[in-house]
């Protein structure tokens, strides 16, 4: 059964990472997954979907950490797309455990 969110998420993350379709094709080739540009367009338009192995490589290329949530399997609603700056902030937050209580207080969380 096709998941309609796969095409939306793949296209959104490609654009968020500022990759052209040809960039994605080259990155897939480096991972020993040769595809034509029209294949990537097909995935993004929902005409076809990548197989599971290819989807995992695309997630690695696009830096999608929570695959189930990103594609709508883990939680209802729209997937959370993070910018590079937001991702950096989260990683910095996680690396300073001693500062997390102060950050939570600052943000009133």
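In this note's numbering, the protein residues as written are 57 to 165. C-beta atoms are modelled at their ideal positions from N, C-alpha and C, and glycine is treated no differently.
Judged by DSSP in its simplified three-state form, residue 146 adopts helix.
By the 16-neighbour rule on beta-carbons within 10 angstroms, residue 62 is buried. Here residue 70 really is in contact with residue 118; their C-beta atoms are around 7 Å apart, less than 8 Å. Going by beta carbons, residue 137 and residue 64 fall outside the 8 Å limit. The three-state secondary structure of residue 83, taken from DSSP, is helix. One thing to note: residue 104 has its Cβ no nearer than 8 Å to the Cβ of residue 89.
Annotation: the continuous alpha helix (DSSP H) that includes residue 98 extends over 93-101. Take the alpha-carbon of residue 59 and the one of residue 154: they are about 40 Å apart.
Rounded to whole angstroms, residue 76 and residue 157 show a C-alpha spacing of 40 Å.
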